[in-house]
Amino acid sequence: TPLLYGINLHADLCKGESLCGACLDVCPVKNDLPRMLLALRNKLAYGDPDWQTKPHKPGEAMAFKFWCMLVTSGALYRLALATFSIVQRPFIGKNGMIAKLFGPAAAWTKDRDVPPLAKKSFRNRWQQRKTKLPLIKGDEDDDGRGQ
2 TPLLYGINLH ADLCKGESLC GACLDVCPVK NDLPRMLLAL RNKLAYGDPD
52 WQTKPHKPGE AMAFKFWCML VTSGALYRLA LATFSIVQRP FIGKNGMIAK
102 LFGPAAAWTK DRDVPPLAKK SFRNRWQQRK TKLPLIKGDE DDDGRGQ
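This is the structure in structure tokens:
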């Protein structure tokens, strides 16, 4: 366990819990395991000299802030998808998959292929599908069109 053998060696055990509180409900001595796991995760994320943990690299925090900004802005998200769909083209192999990426994603493609981004987003495909469906009497949406 992380406390017996070191938090650095077994950090994945601190991160693999859902923190739903079910363990607290069934624990006969009412150990507040979710609170303890959150404290261990905090030590892993921000570092603690007493536990010999180092904070995450600033680049990782920046990457997550960028990701948060990207997925919460529709315009930025669409721009990123358009950019990545162009950038990915040289990496698509004969089998239609991306077999090798660079940078932090290189480790991910070491043992697996990644499908390329779709030519059309789900939202666009859904809108096209919706407009092609025939109207069924008595089965209209709020906007008066068929489902």
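Quick note: the sequence shown, position 26, residue 27 per our numbering, numbers continuous.
Where is the CB? At the ideal position from N, CA and C, for every residue including glycine.
Q. Which partner residues of Asp49 appear in the DSSP bridge assignment?
A. Thr54
Q: Determine the closest residue to Asp114 out of Pro105, Gly94, Gly104 and Lys120, with distance taken between C-alpha atoms.
A: Gly94
Q) Near Met70, which residues of its chain fall below 7 Å by C-beta distance, leaving aside the five closest residues on each side in sequence? A) Leu77
Q.
Comparing C-alpha positions only, which one of Phe92, Arg42, Pro59 and Leu25 sits nearest to Pro3?
A. Arg42
Q) Which residues bound the alpha helix (DSSP H) around Ile87? A) Gly75 to Val88
Q: Look up Ile99 in the DSSP assignment and give the residues it is bridged to.
A: Ile93 and Val115
(Q) Measuring straight from C-alpha to C-alpha, what distance separates Gly147 and Ser122? (A) Any answer about Gly147 is weak, because its pLDDT of 48 lies below 50 and its placement is not dependable; what the coordinates show is given next. Looking at the two C-alpha atoms, the distance is approximately 22 Å.
Q.
If the criterion is Cβ atoms closer than 8 Å, does the pair Lys16 and Leu25 meet it?
A. no
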